[in-house]
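Inspection log for the structure reproduced underneath, given as structure tokens.
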Amino acid sequence: MNLSPIEEVALTQQLVRINSTNPGEFEYELADFIADWLSKTGAEITRNQVKDGRCNVVARLKGKVSSPALVYICHMDTVPLGDGWNHDPLAAEIIDGRMYGRGTCDMKSGLASGMIAFRDIAAMGRELERDFVFIASMDEEDIMLGADQLVKDGIVTAADYILDAEPTNGAIKVAHKGKTWFRLDAKGVACHASTPEKGSDAVAAMSEVICAINRRLSELPIHEELGPCAATFGIIKGGLNLNIVPGDCYCTIDMRLTPPTTNEQSIKLVEDAISEGCAKVAGTSCEYTVLAQRPAVEKDDNSYLLKMLKAATAEVTGEEAPVDFFPGYTDTAVIAATTGNRNCMSYGPGDLFYAHKPNEFVEVDDIVRCTAVMTKLAESILLG
385 MNLSPIEEVA LTQQLVRINS TNPGEFEYEL ADFIADWLSK TGAEITRNQV
435 KDGRCNVVAR LKGKVSSPAL VYICHMDTVP LGDGWNHDPL AAEIIDGRMY
485 GRGTCDMKSG LASGMIAFRD IAAMGRELER DFVFIASMDE EDIMLGADQL
535 VKDGIVTAAD YILDAEPTNG AIKVAHKGKT WFRLDAKGVA CHASTPEKGS
585 DAVAAMSEVI CAINRRLSEL PIHEELGPCA ATFGIIKGGL NLNIVPGDCY
635 CTIDMRLTPP TTNEQSIKLV EDAISEGCAK VAGTSCEYTV LAQRPAVEKD
685 DNSYLLKMLK AATAEVTGEE APVDFFPGYT DTAVIAATTG NRNCMSYGPG
735 DLFYAHKPNE FVEVDDIVRC TAVMTKLAES ILLG
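In this text, residue positions in the sequence shown follow this note's numbering: the first is 385, and each later residue adds one.
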């Protein structure tokens, strides 16, 4: 297939055409491509092994000091292709200035921007003030095993300046809601629907639990920037047939948290809601499993990286980028929350609104803009 004459756009097309769905094909082939591409920069390349042969690809250009390093981190995986496309999700077709395909927005365009910026700094051949690290991470679209492993292995630290290139629609994202993911399993007693008094309805119990959770969430404090806490009940399934009182029901919960509410408080909230809900349906019980949890990350107005990124965006675009929060959770959020790093943020091409959907796309001009900003930022921090 044809490639764009604009280098960062053509690289995005190449990345999109390599299927790295999670779950699905995962990052194996893409990691090989990126490691080979980065090896041509002269950087030290390592594969940070995580799980089942899946790895983070880490490239490092040595500077006068190793810490704090400037770190660009961009994930390789995408959500599954899904249905409902009007364009081939792996073709990276460009129509009227938009590139369509799975991962164009989230975040292979950002990955390409970071790779080009890293390559261009390496090509200058100048001594760097500090290490420059580029990381292509794995598993960001699931439970973020890649970011966890990077922290565990000391590849990223609390001292580093860390930027991811998630789609931010021209803004700088410096804060994140926290999250707790749950699975709830309600148990009742199945019986014939004509004699419901002989059984215990697990679905009815789950509905009471859900209502109790939502009521408690509505009573929590609202953060002035990140807003209220909220929950999405993504999957609810129970019962066997129309004429059977359901003996079991399960539910998944994606709970998003804003300060001062903590993950520990969200777990206590669910425990209390379970007690209240099951008490209303005799003979039922419910257990919960915490599938994942991440704390909220608040912004730091005194962040050095924020200061430098605002200056770089202003120089490239002619205007200072707005500063906002990221509604989802990213690799930099994991690193910030785990290490206490106050110099972690997001800036990249695309609009998160179009991510994870059929006909996902990124504006070609966005890729060019973000590549220029990421290059300028690196120059400012690494070359003085």
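Where a beta carbon is used, it is the ideal one built from N, C-alpha and C, also for glycine.
In this text the structure is predicted, and so the values were computed from the model without any measurement.
Around the beta carbon of K683, 16 or more other beta carbons sit within 10 angstroms, so the residue counts as buried.
Following the DSSP letters along the chain, one finds A542 in no beta strand (DSSP E), marked with neither H nor E. Nearest to L626 by C-alpha distance, out of F617, S650, R640 and D585, is D585. For E477, the enclosing beta strand (DSSP E) begins and ends at E477 to I479. A straight line joining the alpha-carbon of K664 with that of E592 spans about 7 Å.
Here the C-alpha atom of F737 lies approximately 31 Å from the C-alpha atom of E763.
With respect to S497, P733 sits close: the two C-beta atoms are nearer than 8 Å.
Under the three-pair Cβ rule at 8 Å, the segment 432-448 does not count as touching the segment 486-497.
Bridge partners of R486 according to DSSP: none are assigned. For S451, the enclosing beta strand (DSSP E) covers residues V449 to H459.
The Cβ atoms of H459 and N743 lie no closer than 8 Å to each other. Our two residues, D750 and T552, have alpha carbons roughly 10 Å apart in a direct line.
For D685, the closest C-alpha among the options I500, K694 and P679 is that of K694.
Scanning its chain for C-beta atoms nearer than 6 Å, with the 5 sequence neighbours on each side dropped, one finds around Y672 the residues F566, L568 and V654, in chain order.
Along the segment 635-696, the alpha helix (DSSP H) occurs as fully enclosed runs of 4 or more residues at 647-663, listed in sequence order.
With respect to the C-alpha of P630, the residue from I597, D656, G667 and L601 having the closest C-alpha is G667. Excluding sequence positions up to five before and after R510, its CB lies within less than 8 Å of the CB of L767, all in the same chain and listed in chain order. For R431, no alpha helix (DSSP H) encloses it; the enclosing beta strand (DSSP E) starts and ends at E428 to K435. Residue state for M522 is assigned as coil, using DSSP reduced to three classes. When secondary structure is reduced to three states using DSSP, N440 falls in the strand class. The shortest C-alpha to C-alpha distance from G562 to any of Y713, S521, A507 and E391 is the one to Y713. Residue burial is scored here from C-beta neighbours: M758 has at least 16 other C-beta atoms within 10 angstroms and is therefore classed as buried. In this structure M499 is buried. Its beta-carbon is surrounded by 16 or more other beta-carbon atoms within 10 angstroms.
Between D544 and P452, the gap from beta carbon to beta carbon is short of 8 Å. Beyond the five residues adjoining it in sequence on each side, E525 comes within less than 6 Å, by CB distance, of N406, D461 and V463 in the same chain, given in chain order.
The three-state secondary structure of F410, taken from DSSP, is coil.
Taking the CA atoms as reference points, L399 sits about 41 Å from C633. Comparing alpha carbon positions, the residue from T723, T722 and L624 closest to C575 is L624. N725 counts as buried, since at least 16 other C-beta atoms from the protein chains shown sit within 10 angstroms of its C-beta. Beta-bridge partners of A614 (DSSP): R640. Straight-line measurement puts the Cα of R444 at about 28 Å from the Cα of P389.
Residue state for R401 is assigned as coil, using DSSP reduced to three classes. Shortest Cα-Cα distance from D515 to any of D523, E648, F502 and D715 involves F502. Beta-bridge analysis with DSSP links K561 to no other residue. Taking a C-beta distance under 8 Å as the contact criterion, I457 and A676 do not qualify as a contact pair. Burial state of G481 is exposed, judged by a 10 Å Cβ sphere holding fewer than 16 other Cβ atoms.
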